[in-house]
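> Residue numbers (the working numbering): 178 to 974.
To start, I am sharing the structure in question, which I have written as structure tokens.
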């Protein structure tokens, strides 16, 4: 709400003062403006072109500019319209502090011709600052005995504004004790004084918090506050008073030195040094009382200073006083009664009279291990002693005489599970509360050979690559014996029957560490597995043993090259095969069969043709080894073909073998194997050569047809013409009087006159084509194109 009123007031004052410009053109050329402070950027101050009696064009042409003495440009001229505007907010309090008037001088410079005018801007104050106090709080101290009517000057509030906008009045928050006086100094500023109106009593209220408010005379007014913290000073007008006149306390006789017996406390309503109390003993009876107890003079704590004994004295009475530090000092008194309580302050004592250092783990139950005595110096119920050991131990404690006990075994011991027993013997009396004593006896268990060596597994599998180095280590067995010393010393050996008699010829074992060595180099193709029985025996008396089975599995290595079984070389180093010249594409020439003594991937074979007389005529199946023709055999092909096929295994590294096949192509040899017709439909036989042949054949056919059509069109008017196209004879016929033939039979075609001849083409089959023209058509017409029947020209071939 206050901010809204301030904005409204600023708007009203702005309407009054902004844009109010007056120009005084005197002999000195002074131009004066008045504006309120904190104008926003771009706010208009006046029209300098009108004040200088210049047009806007003249102002721009003469390059009008302003120069301020401070160097900072507070105003600027808009050369487009001649308006003088604020280029930044001007804070009157920063520029002129609290000076009654605030004026900024500047120069107006014009060129062509050079002229200079003086200007002044008077910055008018607005109520934009609230009164503030130098401190957020004012601290005052006054004695509680000060007389009413006393005055205390207060810090004045500061307001950077001037005139009516500065501090105008002070107020104080409502209270019953204090008032406020406001005075005026010679310079017109106001200050306030705090006035005490009623008598103070610190014991009723020790402090006051008042709020001092300063209000200025602006419209709307602004205010600022500070807090007045008043502390009252005490006078020594109260004596110390204890909380109780008589304090009682109970204390056990064996309370250690420094034990707190009781804490006494006195209260003094005064403050400060008048309330500082000192505690002390008074009127103590002669003897050891001062030596047995101590009193802290500051805190009032009474503590045990020496060992107490109920049998010496059962109670004590102490006189205590509290003296304040006032002037004069005042004291208060009380009594303290201390009663001692008898306690069970002697614990039982356990004495071991006999103890066996070591007990064999096979000792029979009931074996006496230790003897002990248990005593207590107390009497009555406090001297009655009980004794036991924790449950779960293979021992028990028994009483055989008054306060005499023996420790015996309850079952067989196991050194491997627990080699040492720490047996706590707990003795306690019947006091209230009972006291107890712990006595720990250490008993060692000696070892006997009661554990056999144990392997981690009953069966092991060891994998050894064939062709290993003779004498190489292949595996190490380790057996564990939980016994001690020589009972845990283990030796290893082979254990077997007649079936295992060959094991020592292939393997040896280190009797100390169980390492097995392979004596020869293994061949996977001869032997693939071994089974070895290994025995572990300790050095105990009597010795104990156990065994484990080791399965040695030989792994295959690619050490055998493929062997070609078929076709076999009948003469020399090459196999001879015969095939007919009429063999078509996909004809099975032969199949290569090979074996590999290895196994797995090492025996997986693949076939590859590495050399051929005509690489376009034959192909070999990569996985099947079948050699087939990739096209029809032509008369131009050589009758003797040589193929070199590589057989490779899939080992790492791979091994290979090659075979040479000599093929003889004979014209009248019947096929030994009739290939199924559907073999041509196998997508695997569709090779690149087949594709080239199809494309070539199709292109030739299209060119052939186009040539036929073109030549028929040229020769259609001739009676008879013979055309030789690509080795084929074409006969064209035309009736002499086509009009008459057409007239005789308008709906049927005339007789066809055609001739044909066969021609052998360089393709797998010989084709004959006939071209016939119908005389009934006005245009030449190509009727059909049919293959040539080979049976008609068999004699010619």
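Idealized CB from N, CA, C, for every residue including glycine.
Bear in mind that the values here come from a model prediction, so they are computed numbers and not experimental data.
Just the C-alpha distance for residue 890 and residue 869, rounded to the nearest angstrom, thanks.
Position 713 of the chain shown, counting from 1, holds the residue named residue 890. Position 692 of the chain shown, counting from 1, holds the residue named residue 869. Taking C-alpha positions only, residue 890 is separated from residue 869 by approximately 32 Å.
> With DSSP collapsed to three states, give me the class of residue 788.
Position 611 of the chain shown, counted from the first residue, corresponds to residue 788. Strand, per DSSP.
> Enumerate in chain order the residues of its own chain whose CB-to-CB distance from residue 341 is below 6 Å, with the five nearest sequence positions on each side excluded.
Looking up residue 341 in the chain shown gives position 164. Here the set comprises 394.
> With the cut-off set at 9 Å, would you say residue 318 and residue 410 are in Cβ contact?
Here residue 318 refers to the residue found at position 141 of the chain shown. Here residue 410 refers to the residue found at position 233 of the chain shown. Closer than 9 Å, so yes.
> For residue 783, I'd like the list of residues in its chain whose CB is within less than 6 Å of its CB, leaving aside the five on either flank, ordered along the chain.
If you number the chain shown from 1, residue 783 lands on position 606. Excluding its 5 nearest sequence neighbours in each direction, residue 783 has C-beta neighbours in its own chain below 6 Å: 799, 825, listed in chain order.
> State whether the segment 352-359 contacts the segment 442-454, with contact taken as three or more CB pairs (one from each stretch) at a distance under 8 Å.
As far as the Cβ criterion goes, the segment 352-359 does not touch the segment 442-454, which means the pair count is below three.
> Please report how far the alpha carbon of residue 761 lies from the alpha carbon of residue 728, in whole angstroms.
Sequence index remark: in the chain shown, residue 761 carries index 584 (1-based). Sequence index remark: in the chain shown, residue 728 carries index 551 (1-based). Spanning the two alpha carbons is a distance of roughly 57 Å.
> For residue 565 and residue 708, what's the separation of their Cα atoms in angstroms?
The residue given as residue 565 occupies position 388 in the chain shown. The residue given as residue 708 occupies position 531 in the chain shown. Approximately 58 Å between the Cα atoms of the pair.
> In chain order, what residues of the same chain lie with their CB nearer than 6 Å to the CB of residue 241, ignoring the 5 residues before and after it?
Here residue 241 refers to the residue found at position 64 of the chain shown. 254, 287, listed in sequence order.
> Taking 8 Å as the threshold, find out whether the segment 515-532 comes into contact with the segment 541-551 through three or more Cβ pairs.
Between the segment 515-532 and the segment 541-551, the count of C-beta pairs closer than 8 Å reaches three or more; the two stretches touch.
> Could you pull out every unbroken beta strand (DSSP E) segment of at least 3 residues lying fully inside the segment 506-541, listed in chain order?
508-518, 526-532, 535-537
> Looking only at C-alpha atoms, which of 596, 306, 827 sits nearest to residue 780?
Walking along the chain shown from the start, residue 780 turns up at place 603. Looking at the Cα atoms, 827 is the closest of the given residues.
> Would you grab the beta carbon distance between residue 587 and residue 573 for me? Rounded to a whole angstrom, and I think it's under 8 Å.
Here the question's residue 587 lines up with position 410 in the chain shown. Here the question's residue 573 lines up with position 396 in the chain shown. With a Cβ gap of about 5 Å, residue 587 and residue 573 count as contacting.
> Would you tell me roughly how many angstroms separate the C-alpha atoms of residue 229 and residue 303, rounded to the nearest one?
Taking the chain shown and counting its residues from 1, one reaches residue 229 at position 52. Taking the chain shown and counting its residues from 1, one reaches residue 303 at position 126. C-alpha separation (whole angstroms): 30 Å.
> Can you grab the Cα-Cα spacing for the pair residue 601 / residue 575, in whole Å?
Looking up residue 601 in the chain shown gives position 424. Looking up residue 575 in the chain shown gives position 398. Taking the straight line from one Cα to the other gives about 15 Å.
> Classify residue 794: buried if its beta carbon has 16 or more other beta carbons within 10 angstroms, exposed otherwise.
As a working mapping, residue 794 is identified with position 617 in the chain shown. Classification for residue 794: buried.
> From the DSSP output, in three-state form, read off residue 898 for me.
Reading the chain shown from its first residue, position 721 is the one you call residue 898. Per-residue confidence for residue 898 stands at a pLDDT of 45, beneath the threshold of 50, marking its modelled position as unreliable; the derived number appears in the next sentence. DSSP places residue 898 in strand when its eight states are reduced to three.
> Please report the distance separating the alpha-carbon of residue 792 from that of residue 811.
Here residue 792 refers to the residue found at position 615 of the chain shown. Here residue 811 refers to the residue found at position 634 of the chain shown. So the alpha carbons of these two residues sit roughly 14 Å apart.
> Less than 8 Å between the CB atoms is what I'm expecting for residue 309 and residue 335, so what's the real figure, rounded?
Numbered from 1 along the chain shown, position 132 holds the residue referred to as residue 309. Numbered from 1 along the chain shown, position 158 holds the residue referred to as residue 335. Correct: roughly 6 Å between the Cβ atoms.
> What residue range is occupied by the uninterrupted alpha helix (DSSP H) comprising residue 228?
In the chain shown, counting from the first residue as 1, residue 228 sits at position 51. Note, residue 228: alpha helix (DSSP H), 225-228.
> Going by beta carbon distance, what residues of the same chain come within less than 8 Å of residue 386, once the five residues before and after it are set aside?
Taking the first residue of the chain shown as 1, we reach residue 386 at position 209. The answer, listed in chain order, is 404, 405, 406, 407.
> Is DSSP giving residue 373 helix, strand or coil here?
Sequence index remark: in the chain shown, residue 373 carries index 196 (1-based). Of the three classes helix, strand and coil, the one that applies to residue 373 here is strand, per DSSP.
> Answer with buried or exposed for residue 270, where buried requires no fewer than 16 other C-beta atoms within 10 angstroms of its C-beta.
Position 93 of the chain shown holds residue 270. Counting Cβ neighbours within 10 Å, residue 270 comes out buried, since at least 16 surround it.
> Is DSSP giving residue 327 helix, strand or coil here?
Here residue 327 corresponds to residue number 150 of the chain shown, with the count starting at 1. It is coil, neither helix nor strand.
> With residue 547 as the anchor, note down where its beta strand (DSSP E) starts and where it stops.
Counted from its first residue, the chain shown places residue 547 at position 370. Taken as a continuous stretch (DSSP letters only), the beta strand (DSSP E) holding residue 547 covers 545-552.
> Does the distance from the C-beta atom of residue 518 to that of residue 470 stay below 9 Å?
As a working mapping, residue 518 is identified with position 341 in the chain shown. As a working mapping, residue 470 is identified with position 293 in the chain shown. Their beta carbons are not under 9 Å apart, which means residue 518 does not touch residue 470 by this criterion.
> Compute the Euclidean distance between the alpha carbons of residue 731 and residue 741, then round it to the nearest angstrom.
By one-based count along the chain shown, residue 731 stands at place 554. By one-based count along the chain shown, residue 741 stands at place 564. Cα-Cα distance, rounded: 26 Å.
> Just how far apart, CA to CA, sit residue 912 and residue 880?
As a first step, residue 912 must be located in the chain shown, where it is residue number 735. As a first step, residue 880 must be located in the chain shown, where it is residue number 703. Residue placement at residue 912 is flagged as unreliable, the pLDDT there being 42, under the threshold of 50; a coordinate-derived value is accordingly withheld.
> With H, G and I counted as helix, E and B as strand and the rest as coil, what does DSSP make of residue 802?
What you label residue 802 is simply residue 625 of the chain shown in a count that begins at 1. Three-state DSSP puts residue 802 in coil, outside helix and strand.
> Is it buried or exposed, residue 499, if we count other Cβ atoms within 10 angstroms and call 16 or more buried?
On the chain shown, position 322 is the one that residue 499 refers to. So residue 499 counts as buried.
> How big is the Cα-Cα spacing for residue 452 and residue 501?
Mapped onto the chain shown, residue 452 falls at position 275. Mapped onto the chain shown, residue 501 falls at position 324. Cα-Cα distance, rounded: 6 Å.
> Per the contact definition of three or more C-beta pairs closer than 8 Å, is the segment 692-702 in contact with the segment 644-651?
yes
> Quick one: Cα of residue 636 to Cα of residue 716, how far?
Taking the chain shown and counting its residues from 1, the one referred to as residue 636 is at position 459. Taking the chain shown and counting its residues from 1, the one referred to as residue 716 is at position 539. C-alpha separation (whole angstroms): 24 Å.
> Would you call residue 773 buried or exposed, if buried means 16 or more other Cβ atoms sit within 10 Å of its Cβ?
In the chain shown, the residue the question calls residue 773 occupies position 596. When all chains shown are included, residue 773 counts as buried.
> Once you ignore the five residues that flank residue 224 on each side, which residues in its own chain have a CB closer than 6 Å to its CB?
Position 47 of the chain shown, counting from 1, holds the residue named residue 224. Contacts found: 259, 260.
> Can the beta-carbon of residue 657 be found less than 9 Å from the beta-carbon of residue 630?
Taking the chain shown and counting its residues from 1, one reaches residue 657 at position 480. Taking the chain shown and counting its residues from 1, one reaches residue 630 at position 453. Cβ distance < 9 Å, so residue 657 and residue 630 count as in contact.
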